[in-house]
Amino acid sequence: MPRRILTTSALPYVNGHIHLGHLVEYLQTDIWVRFQRLAGNRCVYVCADDTHGTATMIRARQEGRSEQEIIRDMAKAHQDDFAAFDIRFDHYGSTDSSSNQVLVNEFWAALRAAGRVVEKDVTQLFDPKAGTFLADRFVRGTCPNPACRSPDQPGDSCDKCGTTYSPTDLIDPVSTLSGAKPELRSARHYFVQLEPFHAFLDQWTQSGAVHPDIAKWLKNTFLADALRDWDVSRPAPYFGFEIPDAPGNYFYVWLDAPIGYIAATRDWCNATGEDYRRWWKDPSCEVHHFIGKDITYFHTLFWPAMLQTAGYALPKQVHIHGFLTVDGEKMSKSKGTFIRARTYLEHLDPAYLRYFYASKLTAKAEDIDLNLEEFAAKVNSDLIGKVVNLASRTARFIPALSAVYPDDGGLFAAGAAESAAIAQAYDEGDFNQAMRRIMALADRANEYVEKAAPWALKKSAATNPADAERLAQVCTVSLNLFRQLAGYLAPVLPRLADQAGTLLGRPIAAWSNADAPVVGVPVAGFARMLDRVDPAKVAAMVAGGRLEDPAPAKAAAATGSSTAPITVPAHEVELTVPLDEIETESDSAALRDEPLAAVIDFAAFSRVDLRVAEVLAAEDVPKAKKIIKLTLGLGGSERRTVFAGIKSAYKPEQLVGRLIVFVANLEPRKMSFGVSEGMALAAGLGEQEIFLLSPDTGAKPGMRIH
């Protein structure tokens, strides 16, 4: 029986243009959806722009426009980019829509009725000139450490002495937004209690809804301790939906954004005469989310809790992918590797990127690298040299396919026998495995053509009837093998599949089309299908990347509480630094809260000795409210003592045995409670938002990080 599937991608943030990092997810989702449709399943794909938050409000102020004007313009830009990459949505909406507001209020009422909402006063610094509360990184002042007193230090820790503190501890604090002296103000915030959902989330995350690696990570991090309350409100000024029963307070963007999935579905249903409840409240319908690993905890903890409370179906599967690097490094504007979708399209065929990403994507949340040399070589070898080559070398030689399919030594049958395995790989999101199997078939097909040498048969066919018949047979086999491969590649390369259908007058409309050969049909005039990747065009694309600004505007402030109520041990599965924190995800909260630092040269970076270390012991430092003393092992007998300002996010007993990353060649620093011989690395804005970095599986204590 055909499956009924509702599919979503994470909503792109309205404050940034689509770039190659974003496209990993949208191409992954589009490929999966196209496969499901070819397999005969009813699969609907919806998305929307994520519109709310401080960044949109600040940008509107800077540009002298309304938020709605920005939303309108960016919606068109996003959809134009997606369409050019053959990403096809059934509906593309906006989280600022009236339909989303209705649903957000419905969810809020359900949370209220269930007794899951609590109110707390949160005290933090406020910029009276900018009229907004300040996150730690938007406050600077003099270090409060009597032994230091360094000026112009950030709001959570001193760059000079390493002391950690609250922004309220700074001497003569100043807002980086306006230069004004901040005031200490208290504001009422609204929280959703998550601990009552603990047992439910334990069960759901282990039910197969996420990859086993993700399930294990969740169990060992978030779900290992009591779940803290989730702050779901922001005081004015804030661009978003006002909370109905709390005037002057607005829903935090992460509450209304995922509800946008349902709103987009509802809008599509209203346009097509469907009932949205058949997609979101019917257990026979499968809901599949595709997301990046940096937002795992939102989609596997907060979102399921909200859905259960409001009476909606839980996701059947949350597919989580890793981040993108380019040539082994973080995407970089200065190097031209922070490339917008539009810049790519000005130089290269979108089919190239669709195939390359498919060849790299697996079912795991693994990072993928867009090595530009490999990119060109793989596309030229696989798509041009193996697949298109089968048609280009034979289609011109015959006017029609043979009336009976010739003996091909079992090649077509062997290809048909691979159908189930390739389909399973697509369905499980293991596109890398699917591409490997398809290219193995392409290799066999090319061996057949090379051995049969139709170009030689063509020379003698006019005078030798036997060679003419043999030529027709070889070309019939070659073109059928090409069509079979194009059918298997149709989810990835829909335009190539259309061209294959046109060539033989038989559209590729179903997965089963690869099961039987086509015979006796005319062969249309061969039209060029794909060109080889031109290295000069790749270079031009990189040059274009150096000229563009990664985002239309950067947020100047964050209005959220500086004491985030949820302990977040890491943004992602392997606890690596999320790409969106460092230059590639202009739609993430990280860049909105903490802008990028100035560029340094490689020589400066190479002087920093980063090492893997094992936490052998961890203990509280009674004299310091934020410090944990770590005893680190570097392998053998080498030991280091490091004082880390992470007590607000971690308990000492959670750290013993864990591998972390630390700076090994910092000059030892004497503190009132001891000497620190390095610095543990962590992401986040401070307080509970501290995420220790750990290496991937296989790393050993003492290894240097390059």
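Under our numbering, the residue at position 62 of the sequence shown is numbered 58, and the numbers go up by one with no gaps.
All C-beta atoms in this analysis are idealised placements derived from N, C-alpha and C, irrespective of residue type, glycine included.
**Q.** Residue range of the beta strand (DSSP E) that includes Arg350
**A.** The sequence position of residue 350 within the sequence shown is 354, counting from 1. It is not in any beta strand (DSSP E) - Arg350 instead sits in the alpha helix (DSSP H) that spans 346 to 356.
Q. In three-state DSSP terms, what is Gly629?
A. What you label residue 629 is simply residue 633 of the sequence shown in a count that begins at 1. In the displayed model, Gly629 falls within a strand according to three-state DSSP.
Q: Kindly indicate the opening and closing residues of the beta strand (DSSP E) around Asn245.
A: For the purposes of this step, residue 245 is taken as the residue at position 249 of the sequence shown. Element bounds for Asn245: 245 to 247.
Q | Of the listed residues Ile66, Tyr161, Lys382, nearest to Lys621 (C-alpha basis) | A | In the sequence shown, the residue the question calls residue 621 occupies position 625. The shortest Cα separation from Lys621 among Ile66, Tyr161, Lys382 belongs to Tyr161.
Q) Are Cys43 and Phe103 close, meaning C-beta to C-beta below 7 Å? A) Position 47 of the sequence shown, counting from 1, holds the residue named residue 43. Position 107 of the sequence shown, counting from 1, holds the residue named residue 103. Cβ atoms of Cys43 and Phe103: not closer than 7 Å.
Q: Just the C-alpha distance for Ser355 and Gly332, rounded to the nearest angstrom, thanks.
A: In the sequence shown, counting from the first residue as 1, residue 355 sits at position 359. In the sequence shown, counting from the first residue as 1, residue 332 sits at position 336. For Ser355 and Gly332, the distance between alpha carbons rounds to 23 Å.
(Q) Which of the three DSSP states is assigned to Asp583 in this structure? (A) In the sequence shown, the residue the question calls residue 583 occupies position 587. Its pLDDT being 41, under 50, Asp583 is placed unreliably in this model, and the coordinates cannot settle the point.
**Q.** Span separating the alpha-carbon of Asp278 from that of Leu475
**A.** Residue numbering aside, residue 278 sits at position 282 when the sequence shown is read from its first letter. Residue numbering aside, residue 475 sits at position 479 when the sequence shown is read from its first letter. In a straight line, the C-alpha of Asp278 is about 44 Å away from that of Leu475.
Q | Arg(-1) (DSSP reduced to helix, strand or coil) | A | For the purposes of this step, residue -1 is taken as residue 3 along the sequence shown, with counting starting at 1. Correct three-state label for Arg(-1): coil.
Q: In the DSSP assignment, find the beta strand (DSSP E) that holds Asp225 and state where it starts and stops.
A: Numbered from 1 along the sequence shown, position 229 holds the residue referred to as residue 225. No beta strand (DSSP E) holds Asp225; DSSP gives it neither H nor E.
**Q.** At least three beta-carbon pairs within less than 8 Å, the region 205 to 212 to the region 174 to 181
**A.** Judged by Cβ distances under 8 Å, the region 205 to 212 makes no contact with the region 174 to 181, as fewer than three pairs qualify.
Q: Could you please give the first and the last residue of the uninterrupted alpha helix (DSSP H) stretch that includes Gln32?
A: As a position in the sequence shown, residue 32 is number 36, starting the count at 1. Counting along the chain, Gln32 sits inside the alpha helix (DSSP H) bounded by residues 16 to 34.
Q) Ala441 to Ala409, Cα distance in whole Å? A) By one-based count along the sequence shown, residue 441 stands at place 445. By one-based count along the sequence shown, residue 409 stands at place 413. C-alpha separation (whole angstroms): 12 Å.
**Q.** Start and end residues, alpha helix (DSSP H) containing Asp77
**A.** By one-based count along the sequence shown, residue 77 stands at place 81. Going by DSSP, Asp77 is part of the alpha helix (DSSP H) stretching over 63 to 80.
Q) Which class does Gln313 belong to by DSSP, given the choice of helix, strand or coil? A) Start at 1 with the first residue of the sequence shown, and residue 313 comes out as number 317. In the three-state DSSP reduction, Gln313 falls in the strand class (E or B).
Q: Could you check the C-alpha separation between Gly497 and Val384 for me, to the nearest Å?
A: Walking along the sequence shown from the start, residue 497 turns up at place 501. Walking along the sequence shown from the start, residue 384 turns up at place 388. Counting only the Cα atoms, Val384 lies some 13 Å from Gly497.
Q) How is Arg184 classed by DSSP in three states: helix, strand or coil? A) Position 188 of the sequence shown holds residue 184. Arg184 falls in the strand class under three-state DSSP.
Q. Between Pro664 and Ser672, what straight-line distance do the alpha-carbon atoms span, to the nearest angstrom?
A. Sequence index remark: in the sequence shown, residue 664 carries index 668 (1-based). Sequence index remark: in the sequence shown, residue 672 carries index 676 (1-based). Taking the CA atoms as reference points, Pro664 sits about 6 Å from Ser672.
Q | Coil, strand or helix - Arg700 by DSSP | A | To locate residue 700, count along the sequence shown from 1; it is residue 704. Three-state DSSP puts Arg700 in a strand.
**Q.** Helix, strand or coil at Val534 [DSSP, three-state]
**A.** Mapped onto the sequence shown, residue 534 falls at position 538. In the structure shown, Val534 adopts helical secondary structure according to DSSP, grouped into three states.
Q | Proximity below 7 Å, CB of Leu7 to CB of Ala301 | A | If you number the sequence shown from 1, residue 7 lands on position 11. If you number the sequence shown from 1, residue 301 lands on position 305. No, the Cβ-Cβ distance between Leu7 and Ala301 is not below 7 Å.
Q) Tell me the DSSP bridge mates of Leu606? A) Here residue 606 is taken as the residue at index 610 of the sequence shown, counted from 1. Bridge partners of Leu606: Val659, Ile701.
Q | Lys666, enclosing beta strand (DSSP E) - first and last residue | A | Within the sequence shown, residue 666 is the residue found at index 670, counting from 1. Run containing Lys666: 665 to 667, per the beta strand (DSSP E) assignment.
(Q) Given a cut-off of 7 Å on the beta-carbon distance, is the pair Phe81 and Pro487 in contact? (A) Stepping through the sequence shown from its first residue, residue 81 is reached at position 85. Stepping through the sequence shown from its first residue, residue 487 is reached at position 491. Going by C-beta atoms, Phe81 is not nearer than 7 Å to Pro487.
**Q.** Where Phe48 sits in the DSSP three-state scheme
**A.** Position 52 of the sequence shown, counted from the first residue, corresponds to residue 48. The displayed chain sequence assigns His, not Phe, to residue 48. When secondary structure is reduced to three states using DSSP, His48 falls in the coil class, being assigned neither helix nor strand.
Q: Within its chain, find whatever has a CB closer than 6 Å to the CB of Lys696; leave out the 5 residues flanking it on each side and keep chain order.
A: Sequence index remark: in the sequence shown, residue 696 carries index 700 (1-based). Excluding sequence neighbours, Lys696 sits near nothing in its chain.
Q. Mind checking His87: buried by the 16 CB within 10 Å criterion, or exposed?
A. Position 91 of the sequence shown, counting from 1, holds the residue named residue 87. Around the beta carbon of His87, 16 or more other beta carbons lie within 10 angstroms, which makes this residue buried.
Q. Are the beta-carbon atoms belonging to Glu115 and Arg224 less than 7 Å from one another?
A. Counted from its first residue, the sequence shown places residue 115 at position 119. Counted from its first residue, the sequence shown places residue 224 at position 228. For Glu115 and Arg224, no; Cβs fall outside 7 Å.
(Q) For a test of your reading of the model: does the CB of Ser474 fall under 6 Å from any non-hydrogen atom of the ligand SAM? Yes or no. (A) Questions concerning the ligand SAM fall outside what the structure shown contains, since it holds no ligand whatsoever.
Q: Below 6 Å CB to CB, which residues in the same chain sit around Gly256 once its five sequence neighbours on both sides are set aside?
A: Locating residue 256 in the sequence shown gives position 260, where the first residue counts as 1. Excluding five sequence positions before and after Gly256, the CB atoms of its chain that fall closer than 6 Å to its own CB belong to Leu7, Ala44, Thr91, Asn96, given in chain order.
Q: Per DSSP, which residues does Asp123 bridge with? Please list them.
A: As a working note, residue 123 is residue 127 in the sequence shown. In the DSSP output, where bridge partners are listed per residue, Asp123 has Thr128.
Q.
Tell me which residue opens and which closes the beta strand (DSSP E) that Cys471 is part of.
A. On the sequence shown, position 475 is the one that residue 471 refers to. Run containing Cys471: none in the beta strand (DSSP E); it sits in the alpha helix (DSSP H), 461 to 484.
Q. What is the DSSP secondary structure of Ala436, reduced to helix, strand or coil?
A. Along the sequence shown, one-based indexing puts residue 436 at 440. Residue state, collapsed to three classes: helix.
Q) I think Val652 touches Ala613, with their Cβ atoms under 8 Å apart; what is that distance to the nearest whole Å? A) Locating residue 652 in the sequence shown gives position 656, where the first residue counts as 1. Locating residue 613 in the sequence shown gives position 617, where the first residue counts as 1. That belief holds up - the Cβ atoms of Val652 and Ala613 are roughly 6 Å apart, short of 8 Å.
Q.
Per DSSP, what are the beta-bridge partners of Ser672 in this structure?
A. Position 676 of the sequence shown, counting from 1, holds the residue named residue 672. Secondary-structure assignment with DSSP links Ser672 through a beta bridge to Arg665.
**Q.** CB-CB length for Pro163 against Val118, believed under 8 Å
**A.** Taking the sequence shown and counting its residues from 1, one reaches residue 163 at position 167. Taking the sequence shown and counting its residues from 1, one reaches residue 118 at position 122. About 13 Å separates the beta carbon of Pro163 from that of Val118, a gap too long to meet the 8 Å contact definition.
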